[in-house]
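S.K.: Residue numbers (UniProt numbering): 1 to 678.
Backbone N, C-alpha and C fix where the C-beta goes; we use that ideal spot for every residue, glycine too.
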DNA sequence: GTAGGGTTAG
């Protein structure tokens, strides 16, 4: 995650990587810099709402219903439009277009059948060979996920214009049948139709939309890229942006950035694609930096709702609360806060930055605009803060409000139950999801149940869930079981889970570390060594622990202290002093999972250098008495750090909020909100 | 008459 900040390693203190949001050296204090940049935000408002679709100029016969049908379609009154259609002897091409678009846009179970009805009528009226309408029909069927129907329309259209070809290519890409697009492209060229820039965009998207042949994607993308270069399509901003995005989606972030830097005519979409790429690839810091750069470009490229969603995600993943609040201010000024995906990303951002209450207020402010994603965001927010009962109540409110839950709702809900230890409730929801809500349990849901039962100490029940699964247990499920084994020191079961995990995801270092933890906890040092050797042989490295803390609008990141450094010494000295006092109060260092066969004292020394403790000590020294210390960690919080933080919250009389990779821990007065159950 | 970036979980 910190690859970006570490590019500054040579300029920074070896242990404290400053994480300013604008990491130039010799920079002014951040407070001023923020102000300076934020006050220079473009003040103009974008052409807020797109102009209404122009009225079609085709002139139907006087007295016909065509205009009225088209108008009803635009208003979304499809049923009424269809009733009029039945009475209309001469529907025009424009009328059918309006009807098809209206069906495609319609949200509701009846949309496909209405679409088929329109299609039938169109055939009856002799429009089945109209390539314009074929294109629209292909798009419509694609929207319904009915690729076979889209293909049939395509096959039956004799006059295959480039629009018709592109529509089917697009449909295949969207339907994750991208591999089918390649033979189709060859057929198209053989039939004498040359690809245009739309074709390139569709084909490139098809490369990432072929999950079964994803390994082929990089080669295919490079081939298309070369082809597009030879034919002069890369300077087109749409093609270049698609290239940027697909390189990002196959994980080639450096190349995506190359594309971005080489684009002479970047627009909002190009900027958003690049920021989004960083936000989703653990380069949130670079994403925020790019956003700041974007604010300095000409106003016609000012950030829009899509840009803001990605930027909010970047803030959320860093837990950069102050930055997030400034983004919120910017959204309000630009009136972007009323756009639902932005609202939803804002709810999630506040929850992930530790301000659940602010997220809840945003949710409340959304009133009637809420959708299922807003509810999911709030439920998961309650979950990650350990408020299981609030999550359950929110779910019930959602059902009462008539919002249909999705698979994600249940991931969030079951996760919330897991964090709060609500075993019985979770079991009931698990049964009810399929029975009452028609949501088929997926691997993630089983993983939640395994995790939940495992944490509750019901390891055998957790294993039974895995055995009884109706689908093949994937790495998430086995991983959850392995996590449970670590908590309960179940060596044999851990070995069984790892046997599968090492086959399923041989390069995931985390699994090896968990297994080593289990062995270390059981004192099986020979086995610990064996796991370490296996990791070495496979060239895997444990993801280094990293914690960061925001102090006075600036981020400070810490990795584990392994070598003497002036600041680390200062922090370690403070920790030593605290630990000595804590020991008198009954603190016993938890050295079970130190993966070195060392003496007690050396193990304790290693524990003391954990990144979270350094961040904690730094926060204690550098913040005022009443301030909450907010720490974020890239891994799960270790048992010893957890118990030390509890002590410190009491000793120093401070509230400490720690976000680990799974959830929040709210420490106050010697206790943690997780109830030692995480 | 087509298109490129996005919301929640893991």
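So if DSSP puts residue 268 in a beta bridge, which residue, or which two residues, is it bridged to?
M.R.: Note: residue 268 sits in no beta bridge, so no partner.
S.K.: Can you give me the C-alpha to C-alpha distance between residue 571 and residue 320, rounded to a whole angstrom?
M.R.: 23 Å
S.K.: Look at residue 521 and residue 483 and say whether their C-beta atoms are less than 8 Å apart.
M.R.: no
S.K.: Measuring only the C-alpha atoms, how far is residue 676 from residue 431?
M.R.: 28 Å
S.K.: Applying the criterion that 16 or more other CB atoms from any shown protein chain within 10 Å of the CB defines a buried residue, is residue 669 buried or exposed?
M.R.: exposed
S.K.: Put residue 548 into one of helix, strand or coil per three-state DSSP.
M.R.: strand
S.K.: Any idea if residue 90 is buried or exposed, counting beta-carbon neighbours within 10 angstroms, 16 or more meaning buried?
M.R.: With a threshold of 16 other beta carbon atoms within 10 Å, residue 90 falls short and is exposed.
S.K.: Cutting at 6 Å between CB atoms, please list the residues of its own chain near residue 628, excluding the five before and the five after it.
M.R.: 655 and 657
S.K.: How about residue 343 and residue 372: are their beta carbons less than 8 Å apart?
M.R.: no
S.K.: Per DSSP, what kind of secondary structure is residue 419 in: helix, strand or coil?
M.R.: Of the three classes helix, strand and coil, the one that applies to residue 419 here is helix, per DSSP.
S.K.: When we look at the beta-carbon of residue 159 and count the other beta-carbons within 10 Å, is it buried (16 or more) or exposed?
M.R.: exposed
S.K.: Suppose you measure from the CA of residue 23 to the CA of residue 292; what does that come to, to the nearest Å?
M.R.: Annotation note: pLDDT 30 at residue 23 (below 50); position unreliable, coordinate value reported separately. If I take the Cα positions, the gap works out to 11 Å.
S.K.: Let me confirm a value: residue 307 is counted as buried when at least 16 other C-beta atoms fall within 10 Å, else exposed. Which label applies?
M.R.: buried
S.K.: Going by C-alpha distance, which of 312, 349 and 623 is nearest residue 549?
M.R.: The shortest Cα separation from residue 549 among 312, 349 and 623 belongs to 623.
S.K.: Of all the alpha helix (DSSP H) runs that stay within the bounds of the stretch 131-191, which reach a length of 4 or more residues?
M.R.: 131-143, 147-156, 162-174 and 181-190
S.K.: At a cut of 8 Å, does the stretch 311-318 reach the stretch 335-350 through at least three beta carbon pairs?
M.R.: yes
S.K.: Check the DSSP bridge columns for residue 277 and list the partner residues they point to.
M.R.: BP columns for residue 277 are empty, so no partner.
S.K.: Report yes if the C-beta distance between residue 70 and residue 94 is below 8 Å; otherwise report no.
M.R.: yes
S.K.: Terminal residues of the continuous beta strand (DSSP E) containing residue 667?
M.R.: DSSP places residue 667 inside the beta strand (DSSP E), whose first and last residues are 664-668.
S.K.: Once DSSP output is grouped into helix, strand and coil, what is the label at residue 250?
M.R.: coil
S.K.: Helix, strand or coil: which one does DSSP assign to residue 587?
M.R.: coil
S.K.: Tell me the rounded alpha-carbon separation between residue 179 and residue 303.
M.R.: The alpha-carbon atoms of residue 179 and residue 303 are separated by roughly 34 Å.
S.K.: Please report how far the alpha carbon of residue 257 lies from the alpha carbon of residue 64, in whole angstroms.
M.R.: 55 Å
S.K.: CB-CB under 6 Å to residue 540, same chain, minus the five flanking residues each way: which ones, in chain order?
M.R.: 509
S.K.: Would you check if there are 3 or more beta carbon pairs closer than 8 Å linking the stretch 590-597 to the stretch 518-536?
M.R.: With the cut-off at 8 Å, the stretch 590-597 and the stretch 518-536 touch.
S.K.: On the CB-based measure, 16 or more other CB atoms within 10 Å of its CB, does residue 356 come out buried or exposed?
M.R.: buried
S.K.: Output the distance between the C-alpha atoms of residue 191 and residue 441, rounded to the nearest integer angstrom.
M.R.: 45 Å
S.K.: Buried or exposed: residue 634, going by 16 or more other Cβ atoms within 10 Å of its Cβ?
M.R.: buried
S.K.: I need the straight-line Cα distance from residue 681 to residue 219, nearest angstrom please.
M.R.: In the structure displayed, the chain extends from 1 to 678; residue 681 sits before or after that span and is not available.
S.K.: Cα-Cα, which of 543, 487, 468 and 451 is closest to residue 411?
M.R.: Nearest in C-alpha terms to residue 411, of all of 543, 487, 468 and 451, is 451.
S.K.: Alpha carbon to alpha carbon, how far is residue 458 from residue 448?
M.R.: 14 Å
S.K.: Three-state secondary structure (DSSP) at residue 556?
M.R.: strand
S.K.: Going by the DSSP bridge assignment, what does residue 633 pair with across the sheet?
M.R.: According to DSSP, residue 633 bridges with 547.
S.K.: Helix, strand or coil: how does DSSP classify residue 644 here?
M.R.: helix
S.K.: So, residue 96 versus residue 122, is the Cβ gap smaller than 8 Å?
M.R.: Against a cut-off of 8 Å, the Cβ pair of residue 122 and residue 96 comes out as a contact.
S.K.: Near residue 414, which residues of its chain fall below 8 Å by C-beta distance, leaving aside the five closest residues on each side in sequence?
M.R.: 426, 429, 430, 445, 448, 449 and 452
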